[in-house]
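2 protein chains.
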Amino acid sequence: MAALIPEVVILRLPLYFRTLALLKEEKTEIVSSQELGARLQITPAQIRKDLSYFGKFGTQGKGYNVSQLLDELRQILGLDRKWLVALVGVGRLGRALLDYGGLAPQGFHVLAVFDSDPRKIGEKVGELVIQDVHKLAATVKNQGINIGIVAVPPSEAQAVIDCLVSCRIKAILNYAPIAPVVPSDMRVYNIDPVLALQTLTYHLKSLNTP
Amino acid sequence: MAALIPEVVILRLPLYFRTLALLKEEKTEIVSSQELGARLQITPAQIRKDLSYFGKFGTQGKGYNVSQLLDELRQILGLDRKWLVALVGVGRLGRALLDYGGLAPQGFHVLAVFDSDPRKIGEKVGELVIQDVHKLAATVKNQGINIGIVAVPPSEAQAVIDCLVSCRIKAILNYAPIAPVVPSDMRVYNIDPVLALQTLTYHLKSLNTP
DNA sequence: TCCTGTGAAATACTTCACAGCT
DNA sequence: AGCTGTGAAGTATTTCACAGGA
C-alpha cells in the first residue's frame, strides 16, 4: 500500500464509511461493491479500485464484511481517535453547527469557540464560553486543537485563517465565501452554498435549451 | 462553442465569477489569467482553458476586461435571471441560511419555507410563513419554484427529495447527511461538514507519519 | 456461480509551449 | 513586452475485462 493516493479517492472514502455504518446498523454483515455502489450511485469497479489502493479487504465470491471494512476505513481516515476542533465565529451558522450534534458522535469535539464581537464574549453556548478571538492562538496551543472551523463574515475570514495558520493548525473547514490563501501544507475545505447554487443554475439553464 | 463541458470546469466558473465581482468592486478594469489565478491558487493556463470552452473573452497582451467577463460568466451560469427557491426544514441550519442574506443578492429568492413539525407551521420567519411540508407540491407548482434546499433531519431527507423530484424540480442543494437517490436528470449538490472533516483527518493523520 | 483485485485500455483533465495579436 | 487561445503532450482517473479464489 501507500503510494500516492488520488485526492478524489479520499473524497469518496467517507462516503463509503458512512454507508457502511448504516449497513451495520441495519445488521447487514456482507456487502458487495455492486450493492454499495447502488446505494451511492458509484460504479462497483470504482469502489473496488478505490479500496485496492489501501489493501485487499474483500472475499471473492462474497463481498466485503461490513464491520471489518468499516474498521479498516476508520483507520485509513484517521477516525479511530478524537479530533479537537475550534470554532471561530458564533453567528447563526456557527450556532447551527454546534447545535447540530452530528460532529461529536463522529469524534469531532468542539473544545473552544471564538468571536470578535465584544457583546458575545463571555456568553455561554452549550457547555462552552465564547472567547475573544485574540485568545485563539493561546487556546489552540493549550488545548492541542487540530482543526479549525471558520464561520465568520467574509471580511474577517482571511485574518482568522492566517491566525489559524500561524497556530500550526493544518486543517480548516471554511464556511466564509472567500478564496483563502494558505501555505501549501495546509488543507482547506470550503463550503459555500452560493457557489453550489451557481453550478446548479448552469445545468438548469441548459435544461430549457437542449 | 457548446460541446460537452467538463463538470470540473463548471465547478470553477462560480469561483471566477465571485473573484471578478470583487475585482470590479475594487475598480479593477483589466485582469490577466495570471492575476486571477494568483487570487484563486489556480494556474493561469487552467483559467484560460476553462474560459476557452465558452468563447474568446480576452485581449492578447492585456488580459480580460473585468466587467465584460463578469457579464459573460453571468450569462453562462444563468445568473442573469432570478431563481426561485423553496427551503424544506426550518431548524437551526435552515434559519441560518435564511438569515445569512447572501442568497438574494445573487438572485436566489427563497419564496417558501416548509417544515413537518406542527408546532412550527404557521410561524413566521422573516417575511415568510412556515408551511406544512405536505403543501410542498402545490406551492412549487403555483409559484414556479426552480430549486429546492433540503435542510431536514436525515430520516426525512430522502422522502423530501422524492417529493421535490415528483414536483419536477431539477436542482437540489442537500444539507442532509445522506446519499440521495435521484433520477439521472436531477442535479443534487450535497453539503456535509462531517464528510468534509473526514477527508481533512485523512491528511492530518498522514502528516504525523511522513 | 458470484464477486474481488487488478493490469490494461479508455477517457478525462491539466499543463505545456508557442503562434499570433496588442 | 505581455498576454490570450489552443493544439499537443503529459497526467490523472475511470472503466473494462478477466484470472482466480470461495
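Going line by line, the protein sequences match chains X and G.
Numbering-wise, numbering that gives the first Met the number 0 puts 131 at position 132 of the first sequence, and it's gapless, one number per residue.
Numbering-wise, numbering that gives the first Met the number 0 puts 41 at position 42 of the second sequence, and it's gapless, one number per residue.
All residues carry an ideal CB built from backbone N, CA and C; glycine is no exception.
Within a Cβ cutoff of 7 Å, which residues of the same chain sit near residue i, ignoring the five residues on either side of it in sequence?
| i | result |
| --- | --- |
| X:Val-193 | Pro-176 |
| G:Leu-50 | Phe-56 |
| X:Val-139 | Ala-85, Cys-166, Ile-168 |
| X:Leu-68 | Leu-19, Phe-56 |
| G:Leu-14 | Leu-39 |
| X:Gly-88 | Asp-114, Val-149, Ala-150, Val-151 |
| G:Asn-64 | Glu-28, Ile-29 |
| G:Gln-76 | Checking the displayed sequence, the identity of residue 76 of chain G turns out to be Leu instead of Gln. The residues are Leu-12, Pro-13, Phe-16. |
| G:Val-8 | Asp-49, Tyr-52 |
| G:Gln-142 | Leu-83, Leu-110, Ala-111 |
| G:Val-124 | Val-89, Arg-94, Leu-97, Val-112 |
Residues of chain G with CB under 7 Å from residue i, in chain order?
| i | result |
| --- | --- |
| X:Tyr-188 | Ala-195, Thr-198, Leu-199 |
| X:Gly-101 | Pro-176, Val-193 |
| X:Leu-206 | Lys-169 |
For residue i, which residues of its own chain have a beta-carbon under 6 Å away from its beta-carbon, when the five flanking residues on both sides are left out?
| i | result |
| --- | --- |
| X:Asn-189 | Asn-173 |
| X:Leu-74 | Here the sequence assigns Gln to residue 74 of chain X, which means Leu is not the residue at that position. Within the same chain, X:Gln-74 has no close Cβ partners at all. |
| X:Pro-43 | Ser-32, Gln-33, Gly-36 |
| G:Leu-135 | Phe-113, Cys-162 |
| X:Leu-127 | Val-112 |
| X:Gln-45 | none |
| X:Glu-6 | none |
| X:Pro-153 | Ala-175, Pro-176, Ile-177 |
| X:Pro-209 | Residue placement at X:Pro-209 cannot be trusted, given a pLDDT of 47 that sits under 50; what the coordinates show is reported in the next sentence. No residues qualify anywhere along the chain. |
Which chain X residues sit within Cβ distance under 7 Å of residue i?
| i | result |
| --- | --- |
| G:Leu-78 | Gln-197, Thr-200 |
| G:Pro-13 | Leu-194, Gln-197, Thr-198 |
| G:Leu-10 | Thr-198 |
Could you name the residues of the same chain whose beta carbon sits closer than 8 Å to that of residue i, not counting the 5 residues immediately before and after it, in chain order?
| i | result |
| --- | --- |
| G:Arg-171 | According to the sequence displayed, residue 171 of chain G carries Ile and not Arg. Cβ within range, chain order: Ile-146, Gly-147, Ile-148, Val-149, Ile-160, Leu-163, Pro-179, Val-181, Met-185, Arg-186, Val-187, Tyr-188. |
| G:Ala-1 | Because the pLDDT at G:Ala-1 is just 49, under 50, the model does not fix this residue reliably, and the point stays unresolved. |
| X:Gln-157 | Ile-177, Pro-179, Val-180 |
| X:Glu-34 | Gly-62 |
| G:Ile-144 | Leu-83, Val-84, Ala-85, Leu-110, Ala-111, Thr-138, Cys-166, Ile-168 |
| X:Leu-78 | Phe-16, Leu-72, Gln-105, Gly-106 |
| X:Lys-23 | Val-65, Ser-66, Leu-69 |
| X:Gly-101 | none |
Along chain G, in chain order, which residues have C-beta atoms closer than 8 Å to that of residue i?
| i | result |
| --- | --- |
| X:Arg-38 | Ala-178, Val-180 |
| X:Ala-136 | Those do not exist, as X:Ala-136 stays about 19 Å from chain G at its closest Cβ, beyond 8 Å. |
Check each candidate in the options and name the one with the smallest Cα separation from residue i.
| i | options | result |
| --- | --- | --- |
| X:Arg-80 | X:Glu-6, X:His-108, X:Tyr-99, X:Ala-137 | X:His-108 |
| X:Val-151 | X:Ser-115, X:Gly-125, X:Leu-10 | X:Ser-115 |
| G:Ser-66 | G:Leu-127, G:Ile-4, G:Phe-16 | G:Phe-16 |
| X:Thr-198 | G:Leu-10, G:Ile-4, G:Ala-103 | G:Leu-10 |
| X:Thr-200 | G:Val-87, G:Gln-105, G:Leu-196 | G:Gln-105 |
| X:Tyr-99 | G:Asp-191, G:Pro-5, G:Ile-4, G:Glu-6 | G:Asp-191 |
| G:Glu-155 | G:Val-132, G:Ile-46, G:Val-124, G:Ala-136 | G:Val-132 |
| X:Arg-47 | X:Leu-12, X:Val-89, X:Ile-144 | X:Leu-12 |
| X:Ile-129 | X:Leu-110, X:Gly-143, X:Asp-70 | X:Leu-110 |
| X:Gly-54 | X:Ser-183, X:Leu-22, X:Glu-71, X:Leu-83 | X:Glu-71 |
| G:Tyr-52 | G:Glu-126, G:Gly-77, G:Leu-102, G:Leu-3 | G:Leu-3 |
| X:Ala-103 | G:Pro-5, G:Leu-196, G:Glu-6, G:Val-7 | G:Leu-196 |
| G:Ser-183 | X:Pro-5, X:Glu-6, X:Ile-41 | X:Ile-41 |
Going along chain X, which residues have a C-beta under 9 Å from residue i?
| i | result |
| --- | --- |
| G:Thr-18 | Ala-178 |
| G:Phe-53 | Residues of chain X passing the Cβ test: none, with the nearest at roughly 11 Å. |
| G:Gln-105 | Val-193, Leu-196, Gln-197 |
| G:Tyr-160 | It should be noted that the sequence gives Ile, not Tyr, for residue 160 of chain G. The contacting residues do not exist; G:Ile-160 stays about 13 Å from chain X at best. |
| G:Ile-146 | Leu-196, Leu-199, Thr-200, Leu-203 |
For residue i, go through chain X and note every residue whose CB falls closer than 8 Å to its CB, in chain order.
| i | result |
| --- | --- |
| G:Arg-91 | Arg-91, Arg-94, Ala-95, Asp-98, Tyr-99 |
| G:Leu-212 | With chain G represented from 0 up to 209, any question about residue 212 of chain G goes unanswered, as that position is not in the structure. |
| G:Leu-172 | Pro-192, Ala-195, Leu-196, Leu-199 |
Spell out a yes or no on whether the stretch 79-95 of chain G and the stretch 89-96 of chain X are touching, meaning 3 or more CB-CB pairs, one atom from each, closer than 8 Å. Taking a cut-off of 8 Å on C-beta distances, the stretch 79-95 of chain G touches the stretch 89-96 of chain X, as three or more cross pairs fall below it.
Is there contact here, the stretch 107-125 of chain G with the stretch 56-75 of chain G, by at least three beta-carbon pairs under 8 Å? When Cβ pairs closer than 8 Å are counted between the two stretches, the stretch 107-125 of chain G is seen not to touch the stretch 56-75 of chain G, the count staying below three.
With three or more C-beta pairs closer than 8 Å as the rule, is the stretch 22-30 of chain G touching the stretch 195-207 of chain X? By the Cβ test, the stretch 195-207 of chain X is not in contact with the stretch 22-30 of chain G, since fewer than three Cβ pairs between them sit closer than 8 Å.
At 4 residues or longer, and completely inside the stretch 56-111 of chain G: list those alpha helix (DSSP H) runs for me, N to C. Counting only runs of 4 or more, we get 65-76, 91-99.
For the stretch 124-172 of chain X, list the beta strand (DSSP E) runs that are entirely contained and at least 3 residues long, ordered along the chain. DSSP runs (the beta strand (DSSP E)) wholly in the stretch 124-172 of chain X: 127-131, 146-149.
Report the start-end ranges of each alpha helix (DSSP H) in the stretch 27-52 of chain G that is 4 residues or longer and not cut off at the edges. Restricting attention to alpha helix (DSSP H) runs no shorter than 4 residues, the stretch 27-52 of chain G encloses them at 32-39, 43-51, ordered along the chain.
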